[in-house]
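Report on the following structure.
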Amino acid sequence: MLAPAAGLLLKDRSSWQRVALGLMCFMTINGLLAPGNWGLTLGSIETYRGHTKGYHFYFNHAIAIALILAKWREDPKSFRWLPPGLGWYLLYCGISLLSITNSPDKNLSIMAAHKSIFASLLVIATFNTLRTEEDFKFFLRVMVYTMLWELYVCLKMKYLNHMYQVHGTFEHQNPLAMYAVLIGMIFLATALGPKFKGAGGLLLGFAACALIVECTLSRGALMMLALGVVGVVGISLLEKITARRLLITATMGVLGSIALVLSLDTIISRFHDQGNQASGELREVMKDACRAMVHDHALGTGWNNYALVVNPPYPYAEIYYEWLRGRHMKVNVSEPNSVVESHYYLLLAENGYAGLAAWIIAIAVGLWRNFRAFLFFEHCFSRCLALGIFFGCALNYLQSMLERVLVQPRNLMLWLILLGITGRLEVMRREAKQLKKSA
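Be aware that the sequence shown starts at 1, since it is given in my numbering, and climbs by one per residue.
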């Protein structure tokens with residue numbers, strides 16, 4: 001009831017709408033000084049190790065509903081309930097839900113569908129609220145403040161709480177690192193673009209993201225960050241060499257070298273952790289279990305059911321037990337087995353071949369649209385924004401071979417907000433193209 005009432009209050013009040021959008025984006029980190037759960041959960045199963053543990057209603061989803069109603073009532077004709085890209089995502093959700101036919105616990109599958117489909121409200125709210133370059137810049141300012149706050153939490157955990165790998169307001173360090181890489185590439189790409197008021201703050205936001213990744217000591221994210229910096233800076237210079245870009249690149253090189261020297265020992269020790277070999281072997285065991293599941297069920301063993309069927313009395317638990325016996329370790333059937341960490345293998349196991357294919361199509365369409373926008377627009381903010389989203393998403397998709405964070409609420413929410421921005425860039429590209437034809 002509160003969301004519709006808020007929608008009426010936000011109608012025709014652009015400043016209030018910006019405040020609401022800012023809160024919606026900030027609340028994707030879902031915590032202030034520690035991991036939080038900003039919302040209400042029905043049917044919670046906190047002991048379950050799957051990626052969805054109940055029917056959760058996040059507070060920023062309520063803000064999204066208010067924004068949707070406000071924009072719809074303002075201008076029903078220009079409002080779009082299905083922005084570009086959202087249809088492909090919902091198709092993936094629909095195909096994935098077909099796996100419920102094989103789900104041992106169908107309630108778990110409905111939970112996953114509820115989370116994924118309900119989160120699409122963020123796409124609709126973002127697309128219809130952010131309509132101009134100035135709106136995009138406002139979004140980036142909000143995210144700079146968000147990452148500066150996250151950095152404060154990380155530094156507190158590292159130096160006051162003496163944590164080795166900090167997780168900030170996230171449940172684990174790897175999702176935090178991938179979140180920072182995703183938004184960090186956008187900060188970097190737009191900061192390297194044409195100068196505008198507040199562009200310097202984007203560099204500060206990128207520095208915060210880089211420090212957050214260093215605090216997490218996530219090996220994959222450290223590599224993705226380095227790869228992303230090289231890619232974004234390199235393509236930006238190929239697109240157009242400017243004095244601003246050369247100065248920023250040189251400054252980043254100096255400051256990055258200093259930061260690397262100061263943290264080199266810690267990073268090296270992290271890459272030489274003794275648990276790396278066992279962790280690598282366990283990842284392969286998890287993948288073997290996924291292959292066995294999809295071999296038995298082409299539509300998947302059931303959305304959000306992997307953590308269930310990988311334990312007794314289901315036969316896939318034996319794949320884990322054979323590995324433990326091979327390492328001369330005792331099998332404890334009362335202890336739950338690990339859940340596969342690769343997002344793609346998780347999709348293969350739970351949602352089958354069709355679910356995996358639908359996801360790959362959905363993300364490929366988004367990447368193509370950002371790439372096409374980068375090629376279409378001339379040297380401007382929108383072109384740099386498209387480049388940043390392309391790299392941030394591509395790096396997350398690449399690291400998803402090792403991490404399943406895009407099914408987790410915080411990362412999923414940011415990704416869907418960026419999907420809404422991608423849809424708006426696509427509409428702007430189409431309109432600009434039409435204007436050129438008319439001219």
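Idealized CB from N, CA, C, for every residue including glycine.
Taking the alpha-carbon positions, what's the L419 to G366 distance? 7 Å
Three CB pairs or more closer than 8 Å across the region 84-94 and the region 145-160: no
Assess, as a yes-or-no matter, whether the region 125-145 is touched by the region 368-375 under the definition of 3 or more beta carbon pairs within less than 8 Å. no
Distance, I417 Cα to L425 Cα: 13 Å
If distances are taken between C-alpha atoms only, which option among H297, S78, R219 and C290 comes closest to L130? S78
Give me whichever residues DSSP pairs with F57 in a beta bridge. L40
How do the region 209-216 and the region 155-169 stand: do at least 3 beta-carbon pairs fall below 8 Å, yes or no? yes
Let me know if I183 comes out buried or exposed under the rule of 16 or more other beta-carbons within 10 Å of its beta-carbon. buried
Going by DSSP, what residue range makes up the alpha helix (DSSP H) through R429? P409 to S438
Take Y55 as the anchor and find which of L86, G302 and I110 has the nearest alpha-carbon. I110
Comparing C-alpha positions only, which one of L122, A112 and L32 sits nearest to C25? L122
Return helix, strand or coil for V333, following the three-state DSSP convention. coil
Is DSSP giving R13 helix, strand or coil here? coil
Can you have a look at V230 and say buried or exposed, based on whether 16 or more other CB atoms are within 10 angstroms of its CB? exposed
Could you tell me whether the Cβ atoms of R141 and G200 are closer together than 8 Å? no
By the three-class DSSP mapping on this structure, what secondary structure does P175 have? helix
Decide if W303 is buried, meaning its Cβ has at least 16 other Cβ atoms within 10 Å, or exposed. buried
Pairwise C-alpha distance: K156 and P312: 41 Å
Classify V181: buried if its beta carbon has 16 or more other beta carbons within 10 angstroms, exposed otherwise. buried
If you follow the alpha helix (DSSP H) that G201 is part of, which residue opens it and which one closes it? A199 to T216
Interface flag, V339 vs chain B, CB-CB below 8 Å: Protein chains in the displayed structure number just one, and chain B is not present.
Span separating the alpha-carbon of I258 from that of G193: 25 Å
Taking the C-alpha atoms as reference points, what is the distance between H328 and A289? 20 Å
Just to confirm before moving on: does the CB-CB distance between G31 and V339 stay below 8 Å? no
Assess, as a yes-or-no matter, whether the region 171-181 is touched by the region 384-399 under the definition of 3 or more beta carbon pairs within less than 8 Å. yes
If you run the structure through DSSP and keep just helix, strand and coil, what is Q399? helix
Could you tell me if P175 is buried or exposed, where buried requires 16 or more neighbouring beta carbons within 10 angstroms of its beta carbon? buried
Beta-carbon contacts of L204 that lie in its chain and below 8 Å, excluding the five residues immediately before and after: V144 and L148
Quick check on DSSP: helix, strand or coil for M163? coil
In this structure, how does DSSP classify Y89 when only helix, strand and coil are distinguished? helix
Would a C-beta distance cut-off of 8 Å place A20 and I63 closer than the cut-off? yes
Give me, in chain order, the residues of the same chain whose beta-carbon lies closer than 6 Å to that of I124; leave out the 5 immediate sequence neighbours on both sides. I68
Select from L406, F390, K433 and P409 the residue whose C-alpha is nearest the C-alpha of I186. F390
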